[in-house]
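**Q** Residue numbers for the sequence shown follow the numbering used here, beginning at 456 and rising by one. Backbone N, C-alpha and C fix where the C-beta goes; we use that ideal spot for every residue, glycine too. A quick note: this is a predicted structure, and the numbers were derived from the prediction, not measured. First the structure, which I've put down as structure tokens, then a few questions once you've had a look.
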Amino acid sequence: MARATAHPDHHCISSEDIEGTEVYGADGTNIGEIDHLIIDKMSGRVAYAVMSFGGFVGLGHSHYPIPWGALTYDRSLGGFRTNITEQQLRDAPEFSDDSWEDRDWEQRTHRYYGTPTYWEGRGGL
456 MARATAHPDH HCISSEDIEG TEVYGADGTN IGEIDHLIID KMSGRVAYAV MSFGGFVGLG
516 HSHYPIPWGA LTYDRSLGGF RTNITEQQLR DAPEFSDDSW EDRDWEQRTH RYYGTPTYWE
576 GRGGL
């Protein structure tokens with residue numbers, strides 16, 4: 456069950472209510488769920504949603520950091536919608552635990568997904 460619908464009329468939501476919320480592709484197909492969020496310590500903005508794709512498209516990893524700006528909440532679905540495709544996931548900038556300290560990786564990732572950076576673009580959660 457998507458917990459992001461716990462308070463559908465509120466503008467703010469707890470991060471614990473977002474965890475487990477379903478993510479849908481542009482065609483409405485369920486492609487995964489939000490595992491957790493990455494928040495910028497200095498600004499408090501949501502930087503990334505780490506998506507769990509399970510066995511999605513046969514990729515070896517099960518978690519992918521997606522720029523928060525690549526997701527849009529869709530009330531009709533009770534989850535988030537994205538235009539991210541299978542091929543984009545396959546070709547995304549490689550991620551490692553050190554990537555969180557690498558602004559170059561972050562810039563490449565935001566350019567790759569066509570989203571504004573969380574430190575320059577529109578606000579976070």
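Classify Ala481: buried if its beta carbon has 16 or more other beta carbons within 10 angstroms, exposed otherwise.
**A** When all chains shown are included, Ala481 counts as exposed.
**Q** Would you mind stating whether Trp523 and Leu492 have Cβ atoms separated by less than 9 Å?
**A** Yes. Within cutoff.
**Q** Cα-Cα, which of Ala502, Val501, Arg530 is closest to Arg478?
**A** Inspection of the sequence shows that residue 478 is occupied by Val rather than by Arg. It is Arg530.
**Q** Give the DSSP-derived three-state secondary structure of Glu477 in the structure shown.
**A** Here Glu477 sits in strand by DSSP.
**Q** Between Thr476 and Ile489, how many whole angstroms is the CB-CB distance? I'm expecting something under 8 Å.
**A** At roughly 5 Å, the Cβ-Cβ gap stays under 8 Å, so Thr476 and Ile489 are in contact.
**Q** Rounded to the nearest angstrom, what separates Leu580 and Asp472 at their Cα positions?
**A** Because the pLDDT at Leu580 is just 45, under 50, the model does not fix this residue reliably, and the value given afterwards should be weighed accordingly. Whole-angstrom Cα-Cα distance: 12 Å.
**Q** Per DSSP, Ala502 is paired with what?
**A** Beta-bridge pairing links Ala502 to no other residue.
**Q** Report the option in Leu532, Ser507, Ser469 whose CA atom is closest to the CA atom of Val501.
**A** Out of Leu532, Ser507, Ser469, Ser469 has the C-alpha closest to the C-alpha of Val501.
**Q** When DSSP labels each residue in this structure, what does Arg545 get in the three-state scheme?
**A** Helix, per DSSP.
**Q** DSSP three-state call for Tyr567: helix, strand or coil?
**A** Correct three-state label for Tyr567: helix.
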